[in-house]
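There are 2 protein chains.
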Amino acid sequence: MSKNPRAYIEGAARFQLLAHPSRLYILDELRRGPACVCHLQAVLGRPQAYISQQLRLLREADVVVDEKDGLNVYYRIADAHVVRLLEEMLGPAQPARRVEGCPCPHCTGQEVCCS
Amino acid sequence: MSKNPRAYIEGAARFQLLAHPSRLYILDELRRGPACVCHLQAVLGRPQAYISQQLRLLREADVVVDEKDGLNVYYRIADAHVVRLLEEMLGPAQPARRVEGCPCPHCTGQEVCCS
DNA sequence: ATACTATATGCAGTATACTGCATATAGCAC
DNA sequence: GTGCTATATGCAGTATACTGCATATAGTAT
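The listed protein sequences correspond, in order, to chains A and B.
So that you can map any letter, position 108 of the first sequence is 94 in the working numbering, and since no number is skipped, the others follow by simple counting.
So that you can map any letter, position 50 of the second sequence is 36 in the working numbering, and since no number is skipped, the others follow by simple counting.
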């Protein structure tokens, strides 16, 4: 590690963010389209605090960006690089969907026209 | 983690292999062409046992394959998926090169015609 | 057979990441 | 202001990964 050029250290750190089942799940969901925390919470079936902590890691590394809208905070993938890495590992993205048990506007049908 | 579909667990484990500076360095070197352990040892500047252990992880996950030739063992990247992930993270591969201090045939000039 | 070289493996100590829980903040409605 | 909802943060215990060292194996040469 001591002799490794910076590119490998940084690249590894970036891969590290994708190298986690929950974060990978979150990112796979986000490439369908922006989603709020409650949406991801419903999809992953995990406590809110847990989701927020994974999102923080992704956000601090500029893998995702957040956009506040009232109480809800919508996250989306920050750059196309990450999307291509996901495609390479998981295949093409699935279309956006509504989620049972998610109270956000997108899932209760206030803004999306066709599921 | 408990609810995560298998695809995310497996994908994350695969990303995990790339998420390490030394392994990333090794893989970046291997995409220039096959290389023996002593070659990687010379490039990374790390103990032989250390290199072999990282190679074992990569080999057991079928990220690289080994090919014995007498005393030397040549490793190469197993599939194009990994190469594309490396391209996405590190950019295009550099051309093959000889390495100072590596005693293998490739580096002492017994088989390669042009460096 | 012995000696030497290249590579592999096992184990142990240490560092780092994961994850659950309690709590804090921020925005909206009243 | 209070109360409620959505999200964020801090911390601690546990699990996992990293890495150094000693040693084992396997192939070649003599």
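Ideal Cβ placement from N, Cα and C applies to all residues, glycine included.
According to the neighbour-count rule (16 or more other Cβ atoms, all chains shown, within 10 Å of its Cβ), is residue i buried or exposed?
i	result
asparagine 67 of chain B	Correcting the residue identity first, residue 67 of chain B is histidine in this sequence and not asparagine. Counting Cβ neighbours within 10 Å, histidine 67 of chain B comes out exposed, since fewer than 16 surround it.
glycine 77 of chain B	exposed
glutamine 40 of chain B	buried
arginine 32 of chain B	buried
glutamate 86 of chain A	exposed
tyrosine -6 of chain B	buried
alanine 35 of chain A	exposed
proline -1 of chain B	Reading off the sequence, residue -1 of chain B comes out as alanine, not proline. Classification for alanine -1 of chain B: exposed.
glycine 56 of chain B	exposed
serine -12 of chain B	Below a pLDDT of 50, predicted positions are generally treated as unreliable, and serine -12 of chain B, at 42, falls in that range; the measurement from the model is reported next regardless. By the neighbour-count rule (16 or more Cβ atoms within 10 Å), serine -12 of chain B is not buried but exposed.
cysteine 99 of chain B	Note that cysteine 99 of chain B has pLDDT 40, beneath the 50 cutoff, so the model's placement of it is unreliable and the number below is only indicative. Classification of cysteine 99 of chain B: exposed, given that the 10 Å Cβ count is below 16.
I want to verify the contact list: residues of chain B whose CB lies under 7 Å from the CB of residue i, in sequence order.
i	result
arginine 17 of chain A	Simply none; closest approach about 13 Å.
glutamine 2 of chain A	Ala5
Run through chain B and tell me which residues come within less than 8 Å of residue i, C-beta to C-beta.
i	result
arginine 70 of chain A	Glu74
Quick one: which chain A residues come within Cβ less than 9 Å of residue i?
i	result
histidine 67 of chain B	Glu74, Met75
On the DSSP bridge list, what partners appear for residue i?
i	result
valine 50 of chain A	A/Ile63
cysteine 22 of chain A	A/Tyr60
aspartate 55 of chain B	B/Asn58
Once you ignore the five residues that flank residue i on each side, which residues in its own chain have a CB closer than 7 Å to its CB?
i	result
arginine 17 of chain B	Ile63, Val69, Leu72, Ala79
aspartate 48 of chain A	Ala64
cysteine 93 of chain A	His25, Arg84, Val85
aspartate 14 of chain B	Leu72, Leu76
glutamine 27 of chain B	Gln34, Ile37
cysteine 22 of chain A	Asn58, Val59, Tyr60, Cys90
valine 50 of chain A	Leu16, Leu41, Leu44, Tyr61, Arg62, Ile63, Ala64
valine 29 of chain B	Glu15, Val85
leucine 3 of chain B	Arg9, Leu43, Leu44, Ala47, Val49
Spatial neighbours of residue i within its chain, please: C-beta separation below 6 Å, excluding the five flanking residues on both sides.
i	result
cysteine 88 of chain B	Cys24, His25, Ala28
proline 20 of chain B	Tyr60, Arg62
Give every residue of the same chain whose Cβ lies closer than 8 Å to the Cβ of residue i, excluding the five residues on either side of it in the sequence, and list them in chain order.
i	result
proline 81 of chain B	Arg18
- Message: Taking 8 Å as the cut-off, does the region 42 to 58 of chain B touch the region -8 to 10 of chain B (at least 3 CB pairs, one atom from each stretch)?
- Response: At 8 Å Cβ cutoff, the stretches touch.
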